[in-house]
Structures are given as C-alpha cells and as structure tokens.
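Chains as they are written, first to last, in the numbering used here: chain A, 3 to 536; chain W, 3 to 536. Worksheet for the structure shown next.
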C-alpha cells in the first residue's frame, strides 16, 4: 500500500525574502500574480495537473487557484476545501479525511452543542457500532462478515444510526416511570454506503451527534423534539450565521421510524437546500417493536414515547456553501478557529525586533481578552502569501503590524467580509483597552453582517407561488417556492419527478389568513417550501 | 431483534417514606440489611438470578450485591461496573455500552488530555475508519466485505489503529521541511477482534486517542515520544491518582512498527499490571514503507521520523481497579463527574421547606466555587438508599443536611475514602467562605490520600530480586519482581512460559551502581520489572 504519488523534486527555495513595501499599499493588495507565484512555489507537478474535482486533488497546494464561485459552484466548493485545508480524500472511494482546520470548525460546533445538550438535561454515552443486522435497511449498509480471520455466523452492521441498539438497551434499563425521562446523546461516527459522495455533505463515513430520549407521555416527547430543533435553529442563527428555516417534514419526507420529523433547511450559495439537522418524534414505533415498556404511577405497563435528533459534519459543508466567496472560505467569528490573524511586516533585519515585540504584545492583549488569535511569523512565507492564505481560510480579521505602525502605536485591520479598501482600517490604536473593544466590536459586526447577508440572499430567492406553473417557474430559476399545500403524496411525488424539487418543510412560521392549495385549489392549512436540495 | 428480557412486574412501590431517624446515627450508617432491601426493590428477577460475570448481568440493578473484592476480584470488578452504572454489555459478544456515568469519567480524561495535546502543539483531526486491507494484521481485524448490498471487490478493514492511513496521507501532505513537524491527534473508535473480553479492559470496540507526528530528525521524534509518555504519566499521578511506572518496553514487547515503545504500567488492586498508555518512536519504519519524504533545507530528500501514542477507555478500567473497594467505586476528586453529592434529610412535611432551601443555598455556593455538585432530592428513594448509591458510584464527598443542621447553620460531611465514623465531620459551617475552603481542602486531601494509598500498595508489592528463583517466588505470591536484566529474548520468553510474567518495562527511574543480570550473572545496565498483566 506504499504511496504511488507522483513525487517531483519540490521547487521550494528556502525563505523567499519578505515582500518589499515601498508604501503600505504594495502589500495591502497583493496582486493575483503574486498570489499565483506563491501558490506555484508550493504545488507539486501532480497536483497542478489534477482537475479540480478529481479525487486526486491535493489539499493545500491550490492556493489562489480556486475556481470562481459564479463559474462553477461545485468546483469552487471542492477547490475551497482543498485550498483552505479543510479536508482531503481518503484512499477508499467516498471517504474523507477531516484536516485540522476543518476539524476545528466541527469542534466549535461540538463545544456549543455539548453545553446546550447538558443544559437541557442530556448525558453523553457511547453505544457499540457493531450490531446485528436488521433486515430492511440494506442499501446503505456496510456489513462486517469476517472477524478475527473467520467468517462470522451472523453478519454485523457498521452503525448507520443507533435507534435499534438504543432501544435494545433502553428495554433493559427502563422498568418504571422513575427511570424516565431517559435523555442521552452520543458523539460518534456512522457509515452509510452512498453512491454519490461529496466532501462533508455526503460521505461513506461521517461524524455526528445522535440524541435519543424516552418519555412517559406523547406530550413530553413532542416537547423534547421541538426543544432540540430549537437548539439547532438557535445554533444556526447565532453561531453559524445561517438563517435556516425550521419546520416539519411532509409525510413523504418523514423519517421511516418517526411520527413527525422536524428539520432546519438552509439555503446554500447556489440556492440549493441543505437539510442541516433533524429532530424526530418517534412516538411508540420503536418501543413497540422492542417492547420498551415502563410501569406507570398506577402500576400499568406502557410503552415509552421517544425522540431522536442529529447534526453532523455535513453542517461544516453548509457553513462553507453559505458564506464562502471567490477568495475562499468566510467564517462567522463565533465558530472561527482563528478569529484574528496577525501578520508582522518588516524589511530590514533591524526592524524585526521592534515589530515582533509589538506583535507579541498585541497577541497577548487579544488572547487575554478571550479572542482566538494566531500570529504567523514564519519567515518562509511573504506577507502577500499570508494575506491570501488567511483569506482563503476565512479568518474574520487580519491585523498587519509594520515598523511605521509600531512608531504610531497603531495597527492596520482588514475585514475578511468586506473586500478591498473598504474593509481596511488604518491607525487603530494599540492601547489594549481601545484595541480589544475595537476588535470585539468588529467581530460582532462581522457576525451580524454575515447573518444579514445570508438572510437577504435567502429572502430574495424564495418566491411565493399560487399555482403549479409559478412553482415550476421558480424552481427552473433555481429559487425556492413557497405556497399553500394540501395535496396528496402522489402530487408531491409528481412535483419531484417533474421539477426535481421536494417539500423541504412546512415552516413553523406561517402566514395568517385562509389559504388555497396551489395544486388542487382545496383549502390548505399551511404553506410548504419546495426546493432542489443536496 | 425485540428484547427477550425476562420482565417481571416490578416490585417498586412509589415513594417509600423517607427513612426515619431517631438520632443522626440511624441514617448515618445504613445497615447492610437496609442496603439489601433497597437493592431488592430495584432488581428484576432476571438479574438477581444472573451470575456476576454473565453477559446478562443487569446494570444498575445490583446495588448492594457486589461480590467482596477480596473474595473474587474479577467478579467484584464486573459487579461494580454494573452497580455503579458505568457500562453494560452490548448485544453482540464482546461489545460494551458505556453508560453516562462511565462516559463522564472518559470525558474527564479527554478534557485534561485534549488541553495538554493542544498546549504541546498538536491539532485534532479525523481519518476515515474504513481502509484497504493490509496483509499480516489479520487475527485482530474486522473486515467489511459487503457495502450497499454488494460484495466489495476489495475488502475493507475497520480501523484497528491508523498508522497506515496516516502515512498514506502524510505522504500527500509533506513535501518540505517547512511542512514539519506535523503533529496531529484523533479521538476515535477502534475495533479489534478479541477472543477474551472484559469491560473497559479489552472489548471488541473501544474509544481512544491516537497521536501521530512526523519530524525532520530522529532526535525530535525521540523527544516527542518521551514528551507524550510524560504527559500520560503526569495525568495518571495528578488527575487519576494512579502511580504508574513509566519506562521502556523490552524488544520482545515493543510494538512491531516501532523502534522503541514507552509505556506507563499501573498496578491494579489484584496486583496485576495494566499497560495504561503507550508512546512509540516509530523511527523511519512507516515513512520508508510509504515513502513519506521531505526535502530538507539542503535540498536533500529524506524520510520523516515518526511517533504515535495512545490512551484508551481501558484507562477507566484502571481507575476502577486501582481505587475501588467493597463498597464500590472510589473516584479521585479531579476526575470525578460528581465531586460532592448533597442528600437532604427530612421526615415531616413541614421540615421539607427549610431543608430544601438550605440545600439549594449550599448547592449554589459550591457550584459557584467550581465544585461539581449534585443534589439528589428524589422522594422516591430513602437517604439510606442514596448513601449506598453514591458510595457505589465513588463520589468523594457526601453532604447531609437535615432540619437540625439547618438550625445550627451547619452540615454533615462524609468522605468516601474513609469508612465509618472516622470519615464523618459534624457541624461544618454553612457560611459560604468557610464551607468552600473546607470542601476544597477535603477534596485535595482525598486526591492526595488516594495517590498515597496506591503508592504504598504498589511499593509494598514490588520485590527486588537477584535470582530467577526469587523472581519465581515473587510472581507466585502475585507480586511484581524488579531486577537487573540483560538476558536474551529467549530467556525473556522462558520466564513468560514458566511464570506467566512478562517484562512490563525497564523503568526510567533506575537504581545507581553496577548491576548483574539475575538470570545470567552478566553485567546489566538496567533493572526490569516483571509481572503478570491484563
């Protein structure tokens, strides 16, 4: 299994001299040519030749070579993942390696949700991933048939989700109403045999959390399912700056084991919908199948009422496709692994000392204020290379410090979300209290601005329709269609066949007044949102 | 797959009246009979009949029915795991469900190590668990041969460890000395097809972290391997209160892919050794096999130097077997999910209000001081049941608050590690600053005391030997033998065959002076430690 990678002698020369600066502007806006040069210096012959979407694309070698988003959204997406070093392809088809920077985004998601899950009364635990084969779930399964060198008598399934083993154990653990509610969560890997894969969005194996709860009443289970979709919604808006639309899935789109499936639907930059999280009210479907019963306060045996809910590494793909632009990734400050990058700039050796001293001081000030700050003081890369690099990585704020800044006791700040001169501020004081306030304020502005931009984009791409013709038109334009719906499952499938759009959800937020189904003309209780999706 | 559990109507009556107290002593030391009664009230017929080690043993049903440690250490171990609700058996042979309380201990391990790993320059990431089959690692592997309903052309291995895929990716990512050192870690599940399993210690699947690093020089790799075994050693002593002995494995016991394996060896309560963590200097073994090369500063292509290091959920088993006693688990405060449990005690309804008010106040005080505190205010259990329950769970400190305590503005404190009256303190002031200092002081004392007890136990069970006869005698007594060793691999295997003891390590801490190998009489540079092990 030794690598068959084409290995050309590297073109790397040690430590190209730091980019000269005649004036501040020279390094402030490094030309595309400089960017391409730095990129070429780190790329191998093999990767330079590889097509953007090929499995062989090399991470981290493609800086400055990202396909424009408007030209080819899919190519842009995989280019950004490679160039920002978020993930790479594993050797087995459909598998993905999550690289440190991509994993750090997942850790930010975990850190937030883990706290919320505990606050709402859930405990983490861990179920084994190998379980007996359950019939009827086959097309997506990976099966272990050989263990310890021997053919197994009973094939084992590699976990695609855990409802079956959860209920097996719940049946052991739950006897009485005193054992309820039982509310647990696990962070785990799951495997589903997907034919068409896409990094983060759909891979053979992915990481997720799956919550599983058991309750004494239907009402409690319903409340829990709603509570968790609400946790996901808040996370999406407040942390990821993704204005998801929470709602209920149609019967056709509801999880097979659930009575109701709630979802958060996000609009990606290409206006496709991404199902970014789900929460199921499972009713008594699993408890009846597994005889998960409890003795109620009156001594009656009852089946428990259950929920399950999940968010996965797919959400990282959602962040990329919501905020990214032609320069690469753009991260909301609250989930950015690096919120501020400091790039020291100096030309002559005698400048280095004072610049680095100021850099260290600013770094400490920000770090102590709880800001996630990184200094890139490598002398192996030019400032221009670094500017591109951290823009590609979506770092919200860049601080530049050169000898003139040190003299003025100030720094230069650039916002990732506002390109060019408009995003730059000169002469921001180094005085700790002023600078900390300033940076914190800017981070909040960026956070709010990313959300607002995404809301505006979303709302300008949802069309209210009152006929099937209008729906077809909206979908053909790549938009989402929202309209009153009370038609049949057959009608829903017909829409899918004819337009490739599905009902993403009946949003919780519904317009007032009486409604007429745009398909049948019958009265409708709710509007539904239709869209093409990932 | 519906459960075939024997389900008898539960004997549970709602809310047995709170245990009466004629005087404080009545509830202070609940009799074994009370304990057994409470236990009986929660056990099902099925579990009461099940032998201790049987796979069918029911978690949480066996309170008060733990086999004495001295009578049968193995039965005690599995009893404690069930009664303290640490883990349960999964439906597939050899699999384990880690229950919330057991998982919380693992989370404490993760929280500490994760910070240390990052402080020492490592980033987390994630490699896929399905990889191509590598020959020669078969006996322990689980193989996926069917995916998506079809026989796979190439069998896939479910990750037993990740050196191969790590090097596959390192070869892609590393071109230049500028890409080094590359230092990563992943928290993951691994699967090994074990024939004889034991909860936490050896299961089909377990959780671990695996660190993988690549360096430009042998010296750097060696330094890294040593640094990480040092991190593990500090964690063991300072957090888990386990006085591991760090050292180097013999050639026979070194990981097949490593030049050197460092280990931490812990003495369990039955005096068997547990290998609790390892760190490997892999040299260039993997980099040569996978052609993982870098261009050095002089333009020369070199193979990288690597390390890998791991700690797993096995460590939880080590904590149980180091500190536990006949009353159950005993947790060092620093890694205890609950450091203090508060049990309210009241008899008459009109006492409840004042007691619960004081309980809430004490709880808040401790919580604000950063102490992990739990109140068990359930009216479904008696104080006596609760005392047993949290002793079984190894909670370091119990606080009792009754009406008389409220009147005196004081509480009663019991230490888990000091049984009976000696471990109790009456009249500890509720005044926040006094109480917080007092509890913090006690937690530190308990932490130090558990470590000291384990050190004393360890040291009184290591025998210095100067002949093979003395070694045989020490091993036959169940002890560890330490003696100068420079004999052959064949001699080492002979010792193993004849005594079942292996070289656990050449400890880093070596006695001064010249030494003679106890087996051959030849000069020896080092002493080795021999012991039977898990």
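Backbone N, C-alpha and C fix where the C-beta goes; we use that ideal spot for every residue, glycine too. On a predicted model such as this, the values are computed, not experimentally measured, just so you know.
Beta-carbon proximity check, residue i vs residue j, cutoff 9 Å
i, j, result
"residue 328 (chain A)", "residue 72 (chain A)", "yes"
"residue 375 (chain W)", "residue 342 (chain W)", "yes"
"residue 164 (chain A)", "residue 212 (chain A)", "yes"
"residue 310 (chain W)", "residue 208 (chain W)", "no"
"residue 125 (chain A)", "residue 102 (chain W)", "yes"
"residue 473 (chain W)", "residue 389 (chain W)", "no"
"residue 392 (chain A)", "residue 340 (chain A)", "yes"
"residue 88 (chain A)", "residue 243 (chain A)", "no"
"residue 260 (chain W)", "residue 276 (chain W)", "no"
"residue 215 (chain W)", "residue 171 (chain W)", "no"
"residue 535 (chain W)", "residue 267 (chain W)", "yes"
"residue 127 (chain W)", "residue 188 (chain W)", "yes"
"residue 160 (chain W)", "residue 143 (chain W)", "yes"
"residue 288 (chain W)", "residue 168 (chain W)", "yes"
"residue 529 (chain A)", "residue 461 (chain A)", "no"
"residue 78 (chain A)", "residue 425 (chain A)", "no"
"residue 162 (chain A)", "residue 194 (chain A)", "yes"
"residue 505 (chain W)", "residue 238 (chain W)", "no"
Where residue i falls: helix, strand or coil (DSSP)
i, result
"residue 21 (chain W)", "Legend: pLDDT at residue 21 (chain W) = 27, less than 50; position of this residue unreliable, value from coordinates given subsequently. The answer is coil: DSSP assigns residue 21 (chain W) none of H, G, I, E or B."
"residue 140 (chain A)", "helix"
"residue 431 (chain W)", "strand"
"residue 84 (chain W)", "helix"
"residue 97 (chain W)", "coil"
"residue 299 (chain W)", "coil"
"residue 323 (chain W)", "helix"
"residue 110 (chain A)", "helix"
"residue 318 (chain A)", "helix"
"residue 90 (chain A)", "strand"
"residue 290 (chain A)", "helix"
"residue 418 (chain W)", "coil"
"residue 192 (chain W)", "strand"
"residue 438 (chain A)", "helix"
"residue 304 (chain A)", "strand"
"residue 117 (chain W)", "helix"
"residue 75 (chain A)", "helix"
"residue 26 (chain A)", "Low confidence applies to residue 26 (chain A): its pLDDT is 28, below 50, so where it sits in the model is not reliable, and the reading given next is rough at best. Three-state DSSP puts residue 26 (chain A) in a helix."
Counterpart residues of residue i in DSSP-defined beta bridges
i, result
"residue 282 (chain W)", "W:263 and W:310"
"residue 532 (chain W)", "W:483 and W:505"
"residue 518 (chain W)", "W:525"
"residue 128 (chain W)", "A:100"
"residue 187 (chain W)", "W:126 and W:213"
"residue 204 (chain A)", "A:200"
"residue 426 (chain W)", "W:416"
Near the ligand NAD: residue i beta-carbon under 8 Å from a heavy atom
i, result
"residue 265 (chain W)", "The model on display carries no ligand, and the ligand NAD is accordingly not part of it."
Whole runs of the beta strand (DSSP E) within the stretch 444-500 of chain W, excluding any shorter than 3 residues: 464-466 and 482-486
Completely contained beta strand (DSSP E) runs for the stretch 209-277 of chain W, where each covers 3 or more residues: 247-250 and 262-269
Every unbroken beta strand (DSSP E) within the stretch 132-183 of chain W, with a cutoff of 3 residues, ordered by chain: 132-134, 144-149 and 152-160
Secondary structure, beta strand (DSSP E): runs of 3+ residues fully inside the stretch 327-409 of chain W: 342-346, 375-377 and 399-403
Segment contact, 8 Å Cβ cut-off, at least three pairs: the stretch 237-257 of chain A with the stretch 508-520 of chain A: yes
Validate contact between the stretch 222-235 of chain W and the stretch 346-361 of chain W using beta carbons, cut 8 Å, 3 pairs: no
Contact the stretch 81-101 of chain W vs the stretch 404-414 of chain W: 3+ CB pairs below 8 Å: no
Meets three-Cβ-pair contact criterion under 8 Å: the stretch 430-437 of chain W and the stretch 364-375 of chain W: yes
Meets three-Cβ-pair contact criterion under 8 Å: the stretch 442-456 of chain A and the stretch 493-506 of chain A: no
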